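So the number in my numbering is just where the residue sits in the sequence shown, counting from 1, plus 1.
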Amino acid sequence: MTDSWNPLGNGTNTSTDKSIEHRFRQTFMEGRILCSEKRFSEAAQKFSEALKLLEDFPEYDEEKKLFCVLGWKGFSLDEAGDHEAAIECYERVLSLHQNELTWYNKGCSLRDLKRYDEELECYDMALIINPSSNHAWNNRAAVLNRKGKYSEALESVEKALVVGNTAKDSANPWSHKGTALNGLGRRAEALKCLDKALKINPLYPTGWFNKGQALLSMGNFDEAVRCFEQALCLDSFHSDARDGLEDTRILIGNQSLMNAALYADYCISIDGSSYQCHRFVMLARCPKLLLEDQLPNFITASAFEKFLDYLYNGFFPNWDPEQVGDVIDFLLCLDHFCDK
Numbered sequence: 002m003t004d005s006w007n008p009l010g011n012g013t014n015t016s017t018d019k020s021i022e023h024r025f026r027q028t029f030m031e032g033r034i035l036c037s038e039k040r041f042s043e044a045a046q047k048f049s050e051a052l053k054l055l056e057d058f059p060e061y062d063e064e065k066k067l068f069c070v071l072g073w074k075g076f077s078l079d080e081a082g083d084h085e086a087a088i089e090c091y092e093r094v095l096s097l098h099q100n101e102l103t104w105y106n107k108g109c110s111l112r113d114l115k116r117y118d119e120e121l122e123c124y125d126m127a128l129i130i131n132p133s134s135n136h137a138w139n140n141r142a143a144v145l146n147r148k149g150k151y152s153e154a155l156e157s158v159e160k161a162l163v164v165g166n167t168a169k170d171s172a173n174p175w176s177h178k179g180t181a182l183n184g185l186g187r188r189a190e191a192l193k194c195l196d197k198a199l200k201i202n203p204l205y206p207t208g209w210f211n212k213g214q215a216l217l218s219m220g221n222f223d224e225a226v227r228c229f230e231q232a233l234c235l236d237s238f239h240s241d242a243r244d245g246l247e248d249t250r251i252l253i254g255n256q257s258l259m260n261a262a263l264y265a266d267y268c269i270s271i272d273g274s275s276y277q278c279h280r281f282v283m284l285a286r287c288p289k290l291l292l293e294d295q296l297p298n299f300i301t302a303s304a305f306e307k308f309l310d311y312l313y314n315g316f317f318p319n320w321d322p323e324q325v326g327d328v329i330d331f332l333l334c335l336d337h338f339c340d341k
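Shown next, in the form of structure tokens:
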């Protein structure tokens with residue numbers, strides 16, 4: 002989190018005003034220090050206290066002070082996991098002052114809530130204000146990859162690479178470029194990009210996850226496992242890497258799933274949560290789980306039903322669902338179709 006404004010002002014002349022200013026300065030800086038120590042819940046509380054000072058003494062309230070403290074409170078709340086509350090702070094900031102940083106931060110909070118369409122809109126707004134924002138271009142590419150819009154993601158990531166200021170800035174876009182190329186079926190190019198990203202920043206958890214996903218789609222399960230494990234070593238809370246590792250172990254444990262990469266290709270053109278659909282397709286190769294009515298705990302019955310509906314109406318629009326007796330019959334038909 003960075004800010005472009007000094008929330009402390011130039012002070013005022015009376016002793017009362019100076020006392021208020023001192024309290025405000027001290028509280029605000031305590032919040033900043035707590036942020037630097039990654040004590041984000043405590044930091045958010047300090048920023049709330051600073052905001053209350055502005056509310057209690059409206060004559061001291063200045064717009065720049067207000068939207069700067071709100072921005073830091075939003076950042077702290079987001080890092081503490083309260084994404085909805087963070088978004089409320091960012092929206093208050095934007096009602097006072099339209100700026101690139103707040104639109105970007107709001108997009109990051111929406112990403113954590115998986116509200117990808119709104120996230121994309123935020124990055125677009127940030128880019129209207131600053132067309133050279135490499136971070137906004139980079140995150141725009143990431144959300145387009147998640148939505149399965151790989152050609153558009155590739156265009157955004159090329160912009161991120163052009164406007165990036167440092168070599169370290171380029172690790173993320175090179176990784177997202179690899180994901181986009183893999184989604185477009187350009188496997189060799191994808192791996193080169195993913196390897197380049199990790200060479201720039203070998204401590205980048207999502208870079209290892211993205212490489213694992215690419216290897217998984219190519220059927221290289223053992224290498225995919227190593228990538229997911231490395232991502233989790235760097236970030237034990239990386240839920241996508243944890244899911245990828247679990248899926249890959251399911252594939253390795255079922256010899257009938259060894260051609261699951263073929264199924265993954267179906268998901269490339271999906272406009273939606275392509276990674277989640279990717280997982281459903283691979284798990285559809287586990288009839289034992291389905292026969293026992295034991296979907297893994299990360300797959301809800303309603304989500305799986307929605308996925309099957311997509312297959313009926315998207316991949317096989319001429320099929321009549323009434324002619325398919327149950328899920329297992331459907332999967333057998335799907336196996337037969339894919340094996341041709």
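Beta carbons are placed, not taken as given, at the ideal position from N, Cα and C, and that holds for glycine.
These numbers were taken from a predicted model, which means no experiment stands behind them.
Taking 9 Å as the cut-off, the Cβ atoms of Ser77 and Phe48 count as close. Here Cys234 is exposed. Its C-beta has fewer than 16 other C-beta atoms within 10 Å. The DSSP-derived three-state label of Arg187 is coil. Per DSSP, the continuous alpha helix (DSSP H) segment holding Tyr117 begins and ends at Tyr117 to Ile130. Rounded to the nearest angstrom, the gap between the Cα atoms of Lys148 and Gln214 is 15 Å.
Less than 9 Å separates the beta-carbon of Phe68 from that of Thr103.
Collapsing the DSSP output to three states places Ala81 in coil.
Per DSSP, the continuous alpha helix (DSSP H) segment holding Gly213 begins and ends at Pro206 to Ser218.
In the displayed model, Pro174 falls within a helix according to three-state DSSP. Nearest Cα to Ile253 within the set Asp244, Asp223, Ser237 and Val70: Asp223.
Of all alpha-carbon atoms in Thr180, Val70 and Asp236, the one lying nearest the alpha-carbon of Lys197 is that of Thr180.
Assignment of Gln99 by DSSP, reduced to helix, strand and coil, places it in the coil class. Check the Cα spacing between Arg93 and each of Arg112, Val70, Cys36 and Leu114: the tightest is with Val70.
No Cβ-Cβ contact shorter than 9 Å links Leu128 with Ala142. For Pro132 and Leu121, the gap between their C-alpha atoms comes out near 15 Å. The continuous stretches of alpha helix (DSSP H) do not include Asn221, and DSSP gives it neither H nor E. For a cut-off of 8 Å, the C-beta gap from Ser157 to Ile201 is around 19 Å, too long to register as a contact. Taking the CA atoms as reference points, Leu199 sits about 6 Å from Gly208. Shown here, Asp236 sits in coil according to DSSP, grouped into three states, outside any helix or strand. Phe58 carries a coil assignment under DSSP once its states are collapsed to helix, strand and coil. A residue is called buried when at least 16 other Cβ atoms come within 10 angstroms of its Cβ; Ser237 does not meet this threshold and is exposed. Spanning the alpha carbons of Gly186 and Val163 requires a straight line of approximately 24 Å.
Within the model, the alpha-carbon separation for Ala44 versus Gly220 is close to 45 Å. Excluding residues up to 5 positions away in sequence, Met2, Asp4, Cys90, Tyr91, Val94, Leu102, Thr103 and Asn106 lie with their Cβ nearer than 8 Å to the Cβ of Gly72 in the same chain.
Taking C-alpha positions only, Asn135 is separated from Ala225 by approximately 29 Å. With respect to Leu182, Tyr205 sits apart: the two C-beta atoms are not nearer than 9 Å. Looking from the CA of Phe25, the closest CA among Met126, Leu35, Leu55 and Glu159 belongs to Leu55.
Sorting Glu80, Ile88, Asn211 and Leu145 by C-alpha distance to the C-alpha of Glu38 places Glu80 at the top. A distance below 9 Å separates the beta carbons of Trp138 and Lys160.
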